[in-house]
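Chemist:
There are 6 protein chains.
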Amino acid sequence: MERIGFFAGSFDPPTHGHLALVRRALHVVDRLCVGVGRNADKQGWIPVDARIELLKSMVPERVDVIAFEGLAVAAAQAAGATLLVRGLRNAADLDSEMPMALANEELAPGLETIMLVAAPGVSHVSSRLVREIHRSGGDVSAFVPPEIVKYLESHPPS
Amino acid sequence: MERIGFFAGSFDPPTHGHLALVRRALHVVDRLCVGVGRNADKQGWIPVDARIELLKSMVPERVDVIAFEGLAVAAAQAAGATLLVRGLRNAADLDSEMPMALANEELAPGLETIMLVAAPGVSHVSSRLVREIHRSGGDVSAFVPPEIVKYLESHPPS
Amino acid sequence: MERIGFFAGSFDPPTHGHLALVRRALHVVDRLCVGVGRNADKQGWIPVDARIELLKSMVPERVDVIAFEGLAVAAAQAAGATLLVRGLRNAADLDSEMPMALANEELAPGLETIMLVAAPGVSHVSSRLVREIHRSGGDVSAFVPPEIVKYLESHPPS
Amino acid sequence: MERIGFFAGSFDPPTHGHLALVRRALHVVDRLCVGVGRNADKQGWIPVDARIELLKSMVPERVDVIAFEGLAVAAAQAAGATLLVRGLRNAADLDSEMPMALANEELAPGLETIMLVAAPGVSHVSSRLVREIHRSGGDVSAFVPPEIVKYLESHPPS
Amino acid sequence: MERIGFFAGSFDPPTHGHLALVRRALHVVDRLCVGVGRNADKQGWIPVDARIELLKSMVPERVDVIAFEGLAVAAAQAAGATLLVRGLRNAADLDSEMPMALANEELAPGLETIMLVAAPGVSHVSSRLVREIHRSGGDVSAFVPPEIVKYLESHPPS
Amino acid sequence: MERIGFFAGSFDPPTHGHLALVRRALHVVDRLCVGVGRNADKQGWIPVDARIELLKSMVPERVDVIAFEGLAVAAAQAAGATLLVRGLRNAADLDSEMPMALANEELAPGLETIMLVAAPGVSHVSSRLVREIHRSGGDVSAFVPPEIVKYLESHPPS
Chain V
23 MERIGFFAGS FDPPTHGHLA LVRRALHVVD RLCVGVGRNA DKQGWIPVDA RIELLKSMVP
83 ERVDVIAFEG LAVAAAQAAG ATLLVRGLRN AADLDSEMPM ALANEELAPG LETIMLVAAP
143 GVSHVSSRLV REIHRSGGDV SAFVPPEIVK YLESHPPS
Chain W
23 MERIGFFAGS FDPPTHGHLA LVRRALHVVD RLCVGVGRNA DKQGWIPVDA RIELLKSMVP
83 ERVDVIAFEG LAVAAAQAAG ATLLVRGLRN AADLDSEMPM ALANEELAPG LETIMLVAAP
143 GVSHVSSRLV REIHRSGGDV SAFVPPEIVK YLESHPPS
Chain A
23 MERIGFFAGS FDPPTHGHLA LVRRALHVVD RLCVGVGRNA DKQGWIPVDA RIELLKSMVP
83 ERVDVIAFEG LAVAAAQAAG ATLLVRGLRN AADLDSEMPM ALANEELAPG LETIMLVAAP
143 GVSHVSSRLV REIHRSGGDV SAFVPPEIVK YLESHPPS
Chain S
23 MERIGFFAGS FDPPTHGHLA LVRRALHVVD RLCVGVGRNA DKQGWIPVDA RIELLKSMVP
83 ERVDVIAFEG LAVAAAQAAG ATLLVRGLRN AADLDSEMPM ALANEELAPG LETIMLVAAP
143 GVSHVSSRLV REIHRSGGDV SAFVPPEIVK YLESHPPS
Chain C
23 MERIGFFAGS FDPPTHGHLA LVRRALHVVD RLCVGVGRNA DKQGWIPVDA RIELLKSMVP
83 ERVDVIAFEG LAVAAAQAAG ATLLVRGLRN AADLDSEMPM ALANEELAPG LETIMLVAAP
143 GVSHVSSRLV REIHRSGGDV SAFVPPEIVK YLESHPPS
Chain E
23 MERIGFFAGS FDPPTHGHLA LVRRALHVVD RLCVGVGRNA DKQGWIPVDA RIELLKSMVP
83 ERVDVIAFEG LAVAAAQAAG ATLLVRGLRN AADLDSEMPM ALANEELAPG LETIMLVAAP
143 GVSHVSSRLV REIHRSGGDV SAFVPPEIVK YLESHPPS
C-alpha cells in the first residue's frame with residue numbers, strides 16, 4: 023500500500039528550505055502531497071495560483087501540489103495521506119509545531135505527524151525572511167530557486 | 023488573612039487549559055480573581071461581556087471573574103491580590119512570561135508572580151489554536167468546555 | 023518493499039514513554055527494530071539482557087528487539103532500516119537530537135531521521151527520572167509498565 | 023491555616039540566588055521549609071551538616087532548614103508543606119523542572135509546584151558556577167553571602 | 023584602522039536596554055553607528071526623526087545615529103562598518119537572531135555579526151513592553167532614560 | 023592598539039567547528055589567543071600538549087595557542103585580551119553561555135564576551151560527538167581536520 027505524506031504551508035514564496043524538506047520527505051513516503059493553504063481573508067505576497075504553478079515546476083517526481091482551504095488535517099485526509107510532514111529548524115519551531123501536532127492528533131486520530139530536521143545550509147531560510155529582504159531591495163537568489171527569482175523580476179509583489 | 027491571586031488574560035475563548043490552570047491556582051490561593059482584559063482598540067473574537075458570562079458559568083467556587091482595562095498589575099492590586107498567576111506550557115512561554123514578570127515586579131513591587139505548569143493533557147491548547155480550528159471549520163470540542171461549544175454554535179464569531 | 027525503522031536507546035528501564043513512541047512509530051513504518059545499546063564500559067542499572075527480555079514481553083506485533091554495540095547508524099543499516107526514529111519531549115531534546123540527526127546523515131547518507139512528538143501524558147517520563155524515584159524509595163508504577171514494576175521488585179537494582 | 027512551602031536542593035554551596043528565591047517565596051507562603059538533600063553515595067563539596075548550619079545563619083524569619091533523604095515530595099509532606107517552590111532562571115531550567123513538576127504531581131497529588139522567576143541580578147548564579155570558580159582560584163564573593171566566603175576560607179573544599 | 027560597528031533597530035522608543043548594549047559595544051568597536059530603520063509603510067509610535075534626536079542626546083561619545091531604509095547590511099556597509107552588533111536577552115532572541123545573522127552573512131560576506139549578552143538588570147526590557155505599559159497608563163520611567171519619559175509627557179503617542 | 027581575543031575551551035579534539043569559529047573571530051580581532059584548559063583532575067581524551075601541537079599546526083596566522091590553568095578570565099587578561107570569544111550553536115548553548123558571560127563580567131569587569139554564530143555546515147559538530155563516534159568505531163573525518171584523523175590513527179585514545 024502506498025504511503026502518502028502531506029506537507030502543508032503557505033510557500034509564499036517557496037524557498038530552498040521547502041525544497042530540501044520535500045527531498046527529505048521522499049525518503050520517508052512513497053508520494054508527497056504539497057498543500058498550499060488558501061486564505062480567503064489574506065491575499066498573500068504571491069498569488070496562491072502562481073505559487074502552485076511555481077512549485078509544480080520545481081518539485082521532483084512523486085510530488086503533487088494542490089491548494090487547500092480549511093483544516094490541513096482535512097485536506098491531508100482528502101488526499102489520502104497518513105502522515106503530516108513538518109520541518110524543524112530550531113527550538114522556536116518546535117514550540118509552535120508541538121502543540122499543532124498534538125491538536126492535529128485529536129482532530130484526526132489516524133494521521134501521524136513526523137518532523138524532519140532542516141538541512142544545515144538552509145536552516146536559516148524562511149519565506150518571511152525572503153519577503154523582507156526583497157522588500158528592502160536585497161538579492162534573494164541565495165535563498166530561493168532560480169524560478170522564483172525570475173518570477174519576482176517579472177511580477178514584483180506589492 | 024485571605025490570599026488572593028489574579029489571573030489575567032484574554033480568554034478569547036476560555037479553554038480547557040485555562041480551567042485546568044484555575045483549578046491548580048486554587049491549591050495555592052484562597053480566592054482567585056480571573057481578569058478578562060478589555061482592549062478599546064481590538065474587539066476580539068467573542069465579545070468581552072460574553073466571555074465573562076461564559077467564564078462565570080464554568081469556574082468553581084472561590085473564583086471571581088471581572089473585566090479590566092489598563093495594566094494587569096493595577097487591576098490585580100485593585101482586586102486585593104498579592105499574587106499574579108501565570109501558566110507555563112513550554113520554553114517559548116517562559117521567554118515571554120519572564121520579562122513580563124520582571125517588569126511587573128518593577129511596576130508593582132508588592133505583587134509576586136507565580137508560574138504553574140500546564141497539565142499534560144492540555145499543554146498544547148491555546149485560544150489562538152481554538153480560533154484557527156474553528157475558522158477552518160474544525161471541531162473544537164476537544165479543546166474547550168461544552169459551554170463554549172454551545173455558545174459558538176449559536177453565536178458564530180466573524 | 024517493507025519500510026523498517028530503527029529506534030535506538032538505553033531503555034534502562036523501558037518506560038511508558040518508550041512504549042508510546044513505539045506505538046506511534048508503527049503508524050509510520052511497517053516494522054520497527056528497537057535497538058538496546060550495549061556499552062562495554064558502563065554496566066547500567068538493569069542488565070542489557072534483562073532489558074531486552076522485558077521489552078520483548080511488552081512490545082506489540084511488528085516490533086523486533088535487539089542489542090547493539092557501536093554506532094546506532096551501523097546497527098540500523100545492519101537491521102535493514104531506512105529510518106531512524108526519535109522522540110521529542112521538549113526544546114532541550116531537540117537541542118541534543120538535532121546535532122545527532124545531522125551527524126548521522128553524514129555518517130549514513132541513506133538513513134533519514136524522523137522525530138515524533140511524545141504523547142502528552144508521558145512527555146515528562148524518562149528512564150533517568152524512574153531510576154531517581156526508585157533510588158529514593160518512590161513508587162514508579164505511574165511511569166513504567168507493570169512488567170517493569172514486577173521486575174524491580176524481584177531484582178532490586180544497586 | 024498556615025501555608026507551608028518546601029524548597030528542596032543541594033545548596034552546595036548556598037548562593038545569592040538561593041537566598042533571593044527564599045525571600046520571594048516568603049511573599050507566597052506563611053512558612054518555608056528549606057530541605058537540603060542528603061545523598062548517601064555522594065559526599066558533596068561542603069558537608070551537608072555545614073550547609074545546614076550556614077543556611078540557618080542566613081535565612082530570614084519564617085524559614086526552617088532541614089536535611090532530608092529520599093524523595094523531595096515525601097520530605098515536603100512530612101514537613102506539612104502543600105507547595106513545592108522552584109526557581110526558574112532560563113528555558114533550560116524549565117525543560118528540567120517541568121518533567122519533575124509533572125512527575126511530582128503523580129507521586130504526591132496534593133502538592134502543587136510553583137515556579138518563581140530568578141531575580142535579574144542573580145539569574146546567572148548557580149552552585150556549580152561557584153564551585154568551578156572557587157576551584158579555579160577565583161573570587162566567589164560576588165555570588166555567595168559573606169558567611170560562605172568566610173567558611174570557604176577556613177574550610178577549603180577538596 | 024578604525025573598527026566600526028552597526029547596531030540596527032527600531033528604537034521605538036529607545037530603552038535602558040538599548041543604551042546598555044551601546045555601552046557594551048563600545049568595548050568592542052572604535053566607533054558605533056546606531057541605525058534607526060525607516061519603514062515607508064509603518065509610521066511607528068514615535069516619529070523616526072524624533073527617535074534619532076532623542077538617541078543623539080543620549081548616546082556617549084564615539085556613537086553616531088543615523089536613519090536608514092532598506093537592508094541593514096547595506097546601511098552598515100555604507101557606514102563603513104565591518105561588524106553588526108546584536109543583543110541577546112534569551113533563547114527566543116537567539117532563535118530569531120541566528121537566522122538573520124546567517125542570512126546577512128550570505129548577503130554581505132565581509133560583515134561579521136557579534137552578539138552581546140543583555141545586562142542582567144535590563145534583560146527584560148523591550149520597546150514593545152514600554153509601548154504596552156505606556157498605552158495601559160503605566161509608568162515607564164524604570165525602563166527608559168529620563169529624556170524619553172519627558173518626551174512622552176509632551177508628545178503622547180497615539 | 024591591537025585588539026586581542028581569547029577563545030577558551032578543551033578542544034578535545036579540535037573540530038571543524040572550532041576552526042570555523044577561529045576564522046570568524048579573526049574578522050573581529052587583530053589577534054586571537056586560543057587557550058586550551060588544563061585540568062589537573064581530568065586527563066582528557068587526547069593529552070593537552072598534543073592538542074596544543076595539533077592546533078598550532080592548523081590555525082591560520084594571527085592566532086596563538088596556549089595552555090592555561092585556573093580561570094579563563096585570568097588567562098585572558100594575562101594574554102592581554104580584552105574580548106572573550108564564544109560560539110553559539112543553539113538555544114542550549116546560550117543557556118549555558120549566558121550565565122558564564124555574566125559571571126565573567128563580575129570576575130573581570132574589563133573583559134567583554136562576544137558570541138559568534140556557528141557556521142551552518144558545522145553547527146552540529148562538537149568534540150563530544152567526535153569522541154562518541156570514534157569510540158563506537160565510526161569515521162570522524164567529516165567532523166575534524168585531516169591532521170586529527172591522522173593523529174587518531176597513530177595515537178588511538180583509550
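Residue numbers (our numbering), protein chains in the order written: chain V, 23 to 180; chain W, 23 to 180; chain A, 23 to 180; chain S, 23 to 180; chain C, 23 to 180; chain E, 23 to 180. Just so it is clear, CB atoms sit at the ideal spot from N, CA and C, and this is done for glycine as well.
DSSP state of residue 62/E, grouped into three classes?
Modeler: coil
Chemist: In angstroms with no decimal places, state the Cα-to-Cα distance between residue 151/W and residue 76/S.
Modeler: Across the structure, residue 151/W and residue 76/S are spaced so that their CA atoms are roughly 50 Å apart.
Chemist: Determine the DSSP secondary structure at residue 71/W, reduced to helix, strand or coil.
Modeler: helix
Chemist: Quick one: which residues of the stretch 154-172 of chain W get their C-beta closer than 8 Å to a C-beta of chain V? List them in chain order.
Modeler: Answer set for the stretch 154-172 of chain W: 155, 158, 159, 160, 161, 164, 165.
Chemist: Looking at the secondary structure, which residues open and close the alpha helix (DSSP H) in which residue 120/S lies?
Modeler: 113-129
Chemist: Does the CB of residue 92/E have a neighbour CB from chain S at under 8 Å?
Modeler: By this cut-off, residue 92/E is an interface position.
Chemist: Check each residue of the stretch 123-156 of chain E: if its Cβ is closer than 8 Å to any Cβ of chain A, include it; give the result in chain order.
Modeler: 145, 146, 147, 148, 151, 155
Chemist: For residue 117/E, which residues in chain S fall below 7 Å Cβ to Cβ?
Modeler: Result: 112, 113, 114.
Chemist: Would DSSP call residue 132/E helix, strand or coil?
Modeler: For residue 132/E, the secondary structure class from DSSP, reduced to helix, strand or coil, is coil.
Chemist: Between residue 28/E and residue 56/E, what straight-line distance do the alpha-carbon atoms span, to the nearest angstrom?
Modeler: Those two C-alpha atoms are separated by around 6 Å.
Chemist: Could you tell me which of 46/E, 26/E, 37/E sits nearest to residue 153/E, measuring between CA atoms?
Modeler: 37/E
Chemist: What are the start and end residues of the alpha helix (DSSP H) that includes residue 46/W?
Modeler: 38-47
Chemist: With 7 Å as the limit, tell me which residues of the stretch 27-46 of chain S have their beta carbon closer than that to any beta carbon of chain W; keep them in chain order.
Modeler: 46
Chemist: Should residue 23/W be flagged as near chain C, meaning a C-beta pair shorter than 8 Å?
Modeler: no
Chemist: Three or more C-beta pairs under 8 Å: does that hold for the stretch 111-129 of chain W against the stretch 89-109 of chain V?
Modeler: no
Chemist: Taking the alpha carbon of residue 109/S as the point to measure from, which residue in 139/S, 54/S, 168/S has its own alpha carbon closest?
Modeler: 139/S
Chemist: Enumerate in chain order the residues of its own chain whose CB-to-CB distance from residue 71/W is below 8 Å, with the five nearest sequence positions on each side excluded.
Modeler: Contacts found: 89.
Chemist: Tell me whether residue 143/S sits in a helix, a strand or coil according to DSSP, three-state version.
Modeler: helix
Chemist: Using DSSP bridges, identify the partner residues of residue 56/S.
Modeler: Per DSSP, 29/S, 87/S.
Chemist: Based on Cα-Cα distance, which residue from 68/W, 133/W, 107/W lies nearest to residue 85/W?
Modeler: 107/W
Chemist: Below 8 Å on the Cβ atoms is my contact criterion, and I expect residue 69/V with residue 149/V to pass it. Report the Cβ-Cβ distance as a whole number of Å.
Modeler: Separation of the CB atoms of residue 69/V and residue 149/V is rounded to 14 Å, and the pair is thereby denied contact status at 8 Å.
Chemist: Examine chain V for any beta-carbon lying closer than 8 Å to the beta-carbon of residue 50/A, and answer yes or no.
Modeler: yes
Chemist: Just to confirm my understanding: we take residue 94/W, look at its own chain, exclude 5 residues before and 5 after, and list those with CB closer than 8 Å. What are they?
Modeler: So the list reads 28, 30, 57, 59, 106, 126, once near-sequence residues are dropped.
Chemist: Run the CB neighbour count on residue 23/W, radius 10 Å, all protein chains shown included, and call it buried at 16 or more, exposed below.
Modeler: exposed
Chemist: Around the Cβ of residue 32/E, are there at least 16 other Cβ atoms within 10 angstroms (buried) or fewer (exposed)?
Modeler: buried
Chemist: Along the alpha helix (DSSP H) that carries residue 174/A, what are the first and last residues, could you check?
Modeler: 168-176
Chemist: According to the neighbour-count rule (16 or more other Cβ atoms, all chains shown, within 10 Å of its Cβ), is residue 145/S buried or exposed?
Modeler: Counting Cβ neighbours within 10 Å, residue 145/S comes out buried, since at least 16 surround it.
Chemist: Contact defined as beta carbons within less than 8 Å: I believe residue 136/E pairs with residue 50/C. What is the distance between those atoms, to the nearest angstrom?
Modeler: 6 Å
Chemist: Which same chain residues, not among the five before or five after residue 80/V, have their C-beta less than 6 Å away from its C-beta?
Modeler: 167, 169
Chemist: What span of residues does the alpha helix (DSSP H) with residue 95/W cover, start to end?
Modeler: 94-100
Chemist: If residue 147/A sits next to residue 156/A, beta carbons under 8 Å apart, how far is it from one beta carbon to the other, in whole angstroms?
Modeler: So it is not a contact: roughly 13 Å between Cβ atoms.
Chemist: Would you please verify whether the beta carbon of residue 121/W is less than 8 Å from any beta carbon of chain C?
Modeler: yes
Chemist: When you compare each of 91/W, 45/W, 54/W to residue 62/W by their alpha carbons, which one comes out closest?
Modeler: 91/W
Chemist: Under three-state DSSP, which class holds residue 137/E?
Modeler: strand
Chemist: Which residues of chain W have a Cβ atom closer than 7 Å to the Cβ of residue 105/S, listed in chain order?
Modeler: For a Cβ distance threshold of 7 Å, residue set 50 of chain W lies close to residue 105/S, ordered along the chain.
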